[in-house]
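Each remark here refers to the structure printed beneath this line.
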Amino acid sequence: MRFNRREVSFFALLITAVAFMVLFLLFSYDFAKISIIEEPIELTSEGISQEVSVYKNQYGIPHIIGKSEEDAFFGLGFVQASDRLWQMDYLRRIAKGRLSEIFGSETIKLDQYFRCLELETTSQKIISNLDAKSRSILEAYSQGVNFYIKKFSKRLPIEFSTLGYKPDNWKAEDCIAIGRLMAFNMSFSFWLDIAFGEIANKIGFERAKELIPHDFPLIPISVPDTVSKTNKSPQNPLTTNDFDDFHNFYSTYFELFSVMDKYFPFGSFMGSNTWVVQKVEGNRRTSILASDPHLTLQLPPIWYQLHITAPSLNCVGFCLPGIPLPLIGRNDDISWGITVAMADDCDFFVHKLDSTGRYVIDTNGKKIKLAYKLDTIKVKNSSNFIYYKRYLGNSSIISDALPVYDSLTATKVFGVKFEKRKSLGLCLTYSWTGHYIANEVKVLYSIAKARNWEEFVRVKASWGAPPLNFSFGDKYGNIGLMTVGLYPERVNVNPNFPNPSWGRNSSWVGFKKFGNEFNIVNPPSQFVFNSNNPTVATPNHISNYWSDAGRAKRLFQILHQSKPTDILANQVVQKDVYSKQAEEVLSMALPILISKQKYLERLEKVALEKLKVWNFQMSAKEIAPSIYQMFLAKLIESTFKDELGEYLYSLYTYVDFIPTRKIVELLTDSNSVFFDDVRTSAVEDKAEIVFRSFKRAIAELTKITNSSNPGDWWYGSWHRIFLEHPFARIGMLRNNFALGPEPIGGNNSTINYSGGHLFNPGKVEIAPSARFIADMGDTIVWVILPGGNSGQNLSSNFSDQFGLWLNGGYISLTIAAQPSARFHLFAKIMRKTK
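Using our numbering, you'd call the opening residue of the sequence shown number 149 and step up by one each time.
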C-alpha cells in the first residue's frame with residue numbers, strides 16, 4: 149500500500165501530536181507524584197521537645213507516636229498536612245470567606261455570606277478564651293502543619309499548582325474556624341427556616357405550618373418509666389398577615405445555594421447512627437459500640453483516620469481535617485461515637501428599613517442606626533471587591549450577602565430560572581448558638597483521655613456547637629449517651645419561620661445547655677442508641693427537625709430483639725437496609741391500590757404484585773425497592789407540588805426527611821387538604837392521589853430504565869452514588885477526581901442510610917461518611933471510609949477504601965501503643981539542636 153505526500157504529512161503530524169500528548173501526560177503524572185512521600189523520611193525541627201515517629205499501614209492510616217503529647221500533636225499536624233493540606237486550606241477558606249482568592253468572581257457572594265456568619269471573628273474570640281492545655285494542643289498541631297508546608301514548599305499537592313497559589317501558615321484559630329464551619333453545616337435551621345418562610349409567602353402562614361412534621365414518638369428504649377410522647381413546636385405568636393409585607397423576599401437566599409452546592413455541598417440533611425450494647429460473658433462484663441455519621445459524600449472524605457500515642461494518651465478513631473482530636477474513637481478504657489442532636493439552634497429576624505437604608509424602624513417606630521464596616525474580598529484575576537458590611541447590634545445583615553441586584557452567582561437553582569428582585573425595604577438578621585464562646589477542644593481532649601463515665605461527662609458544659617449526642621461504652625460494661633451543646637431561650641420567637649420584628653419584641657434572651665437531665669447511663673434495656681431522634685422528654689422546644697423515624701424504629705427493634713454483641717453482628721446492623729418507613733407507608737397505601745387494581749394497566753398490576761410480597765429490604769439488586777422509592781417520590785410530588793409550584797416544591801424536598809415524615813403523618817389523615825390537586829376543578833382525596841402516584845411511578849420507571857420489562861427495574865440501575873472532588877467539575881479532570889456512579893441500596897429511612905433531594909431521587913448524596921465499631925472486650929477497632937485516607941489523587945490511598953466501603957467491608961486497627969507489623973515507618977522527626 150502506498151501513501152501520497154498529503155497522507156504522509158497527516159500521519160506524521162498525528163504521530164507527533166500523540167507523542168507530545170504522551171510526554172505531557174507523563175510529565176503531569178510525575179509532576180503530580182512529587183507531592184507524595186513514598187520513602188521513609190528523617191527530619192529535624194525546633195518545634196518539638198524530643199521525638200515523633202509516624203508509621204503508616206497499607207491504607208495510609210497513620211500511627212503517630214510522640215515522646216510527649218505536644219510532640220504527638222505536632223506529628224499529627226505534619227502527617228495530616230501531608231495527606232490533606234489542600235482540603236484543610238479549602239475548608240478554612242470557606243469558613244473565612246476567602247474562596248474568591250483562588251476561584252475568582254463566581255464565589256464573591258459565597259465569601260460575603262460566610263463573612264456574614266462571622267466564623268473567623270468567633271474563632272478569634274474562642275482562641276483568646278482557651279485554657280492553656282487546649283491552646284498548647286492547637287499550637288503544637290499548627291506547628292506540625294507549618295513544618296510540612298515549609299519543608300515541602302516545592303512539593304505541595306497538585307491543587308495548589310493548578311490554582312496557582314501557596315498556602316498561608318496554619319494558625320490555631322483555623323482549627324476553630326473549621327469546627328464552626330462544621331457546626332454551620334449541621335444546623336438545619338439555616339436552610340429550613342428560610343424555606344418555610346418562602347413557602348408561607350405563597351400559601352399563607354397557617355397552611356405552611358401544616359407542612360412542618362411535628363409528631364415524633366419518644367421511643368422508650370433507655371428511660372424505663374418514660375411513656376411514648378411527642379415533641380411539638382411551641383405555640384406560634386405569628387399571624388398570616390405578618391408575611392404579606394415581604395412576599396418573595398427570601399427566594400434570593402437560594403440563588404446563593406446554587407454556588408454553595410458546587411463549592412461546599414450543604415450537608416444538613418444528613419443522618420447518623422450510634423449505639424452501644426452491654427456484653428456479658430460469664431462473670432465478665434464489657435461493651436460494644438458502633439457509630440456511622442452520615443454526611444454529604446465527597447473526595448477526599450470528610451473524616452481522617454488516625455492513631456495517636458503519647459505517654460499519657462493513646463486513642464484511635466476519626467477526626468476532621470484541621471482538627472487534631474477524634475470525634476469518634478476509643479482509647480484503652482472507653483469508646484465513643486456521635487450523632488447530630490438536630491437542635492433548632494438558629495433563628496432569623498426581619499426588619500423594616502427607612503428610605504435611606506441606614507436605619508431600622510423598631511416596634512415603636514423609632515429609628516435605630518445600622519453600623520457599617522468596610523470589608524475587602526480579594527478576587528483572582530480581577531480587582532478587589534470592596535463593600536460595606538452592615539450590622540444591627542451584634543448581628544450582621546445577612547440579607548446583604550444574598551444576590552438581589554448584582555448577582556454574580558448562577559441564574560438557575562434546581563433548574564428554575566430566577567427573576568431579579570426589587571428592594572423591599574427590608575433586611576434580615578439572625579441569631580445562632582455557633583457564636584457562643586465555648587471550648588470544644590477541651591471536651592474532645594478530655595474524652596480522648598477519659599477512663600470512665602464520670603470523666604467522660606465531666607466537661608460536657610464546655611461544649612457549644614454543634615449540638616451532638618455522644619455515645620459511651622467502657623471495658624467494664626458501662627454504657628451511656630449524653631447530649632452536649634446549646635439551644636436558645638426564645639421570647640415571642642417562632643423557631644420554624646423568619647420572625648417579623650414589627651408589632652412586637654421577639655428575641656433570644658440567652659442559651660440553655662443540655663444538662664445532666666439529657667444523660668442516660670446503664671439503662672435496664674442494656675443498650676443505648678440514637679438515630680437523630682429525641683431521647684429524653686422535655687418541656688423545652690428542642691426541634692421539629694428530627695430525621696425520618698424509620699431508622700430509630702428499626703434500630704430499636706434490632707437492639708431490643710437481638711442485642712448484637714459481636715463484631716460481625718454489628719457490621720450486619722450497620723449495613724441493614726430494612727425500611728420501617730416503607731412498611732408503614734405501604735400498610736396504608738397497598739389497601740388503596742388493591743381496591744383500585746381493576747383500573748391498573750398490565751405493567752402496573754405486575755408492579756403491584758411485587759410490592760405485595762416485598763420484605764421491605766431496600767436492596768440495590770431488587771425490583772420492589774425501585775417501585776417503592778419512585779412511588780414515594782411521586783406520592784410526595786402529587787401531594788405538595790400543586791400547592792407549592794416547582795421552585796417551592798424543590799425547596800421543601802431539598803431536605804429529604806422533612807417531606808417523608810410529613811407524608812407518613814398525612815397518610816393517617818384521609819381529610820388533609822393537601823391531597824386535593826388545586827389545579828383541577830374536581831376535589832381529589834387521599835385514595836385518588838395514591839392511585840395517581842403509583843401510575844406515575846411506573847411510567848417514570850419505564851422512562852428512566854428505558855424498559856417496559858420490570859426485570860430491568862432493579863433499584864441500583866438508577867439509584868446511584870457519585871463522589872466528587874471540587875476539581876471533578878472540570879471535564880478533563882473528572883476521571884482523576886471522582887468515583888462512581890455506583891449502584892447503592894437503602895434510602896433515608898434505613899440504618900444504612902442513602903439520601904438526597906427528592907426532586908432528584910436517583911442521585912444519592914448522603915451516606916455513611918465513615919463506619920466505626922469498637923469491641924471493648926478486645927483491642928481491635930473496625931473502620932472504613934468512602935474513599936481513602938489520602939487527599940492526593942495520585943496516591944494509592946486516595947480511593948483504596950471505596951470498594952470495601954461500597955461492599956460492606958472494614959479495616960481492622962489495633963489499639964496497641966506500639967505499631968503492628970502491618971505498619972511501616974513513614975517519618976521520624978527529631979528535635980533540632982543548635
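In this text, a Cβ means the ideal position worked out from N, Cα and C, and glycines have one as well.
CA nearest to the CA of residue i, picked from the options
i	options	result
F364	L224, P807, A697 and T192	A697
W318	I297, N532 and Y726	I297
S774	T683, T192, N895 and H873	N895
S284	K302, K299 and C323	C323
T581	Y635, E187 and T457	Y635
G625	R979, H499, R599 and E637	R599
G505	D548, I742, N277 and W762	D548
L703	I347, A280, G225 and W423	W423
I476	F920, G345, E836 and V488	F920
I534	G195, D259 and T853	D259
H583	L887, I256 and S271	S271
DSSP bridge partner residues for residue i (one or two, in chain order)
i	result
N678	T422
K427	T434
A975	I189 and V202
R919	I932
G477	G465 and W484
F496	Y578
K660	Y635
M766	Paired residues: none, contrary to the question.
T457	I213 and N462
T853	DSSP lists no partner for T853.
Environment of residue i [buried if 16+ CB atoms lie within 10 Å]
i	result
M880	exposed
V657	exposed
V831	exposed
Q198	exposed
Y726	buried
Y536	exposed
S335	buried
E757	exposed
Y520	exposed
R241	buried
D554	With a pLDDT of 29 at D554, under the threshold of 50, the modelled position of this residue cannot be trusted; read the value that follows with caution. Under this definition D554 is an exposed residue.
A458	buried
Contacts around residue i, its chain only, beta-carbon distance under 7 angstroms, and the 5 residues preceding and following it disregarded
i	result
G327	I471 and E588
L265	F332
P469	Q228, R232, Q235, M236, L239 and Y452
T713	V425, K427 and I436
L171	With a pLDDT of 43 at L171, under the threshold of 50, the modelled position of that residue is not reliable, and the figure given next carries that caveat. Same-chain partners within the cutoff: there are none.
A755	I775, I846 and P858
T388	Its pLDDT being 41, under 50, T388 is placed unreliably by the model, and nothing is read from it.
Within 8 angstroms, strictly: CB atoms of residue i and residue j
i	j	result
G893	S767	yes
V607	S594	yes
D493	A586	no
V826	E794	no
Y901	W930	no
T898	R699	yes
F675	K711	yes
T927	K623	no
heavy atom of the ligand SAH below 7 angstroms from residue i C-beta
i	result
R303	What this structure holds is no ligand at all, so the ligand SAH is not there to describe.
Neighbourhood of residue i by C-beta distance below 6 angstroms, restricted to the same chain and skipping five residues each side
i	result
H867	G910
G936	N945, F946, S947, D948 and Q949
K923	According to the sequence shown, residue 923 is Asp rather than Lys. Contacts found: I436 and I715.
D510	I516
F497	T577, N647 and S649
A320	I275, L286, E287 and S290
P916	D440 and H442
F971	Y203, N205 and H211
M490	N680, S691, Y693 and W694
H641	Note that residue 641 is Val in the sequence shown, not His. So the qualifying residues of the chain are D495, N647 and S654.
Close Cβ partners of residue i (< 8 angstroms) along its chain, the five nearest in sequence each way excluded
i	result
L751	I846, T850, S856 and P858
P305	S183, L233, W234, G939 and Q940
R478	L437, C463, V464, G465, W484, A922, M924, V929 and I963
F344	A356, L359, I360, N644 and F645
Below-8 angstroms beta-carbon distance, residue i vs any chain D residue
i	result
L540	In the structure shown, chain D cannot be found, because there is only a single protein chain.
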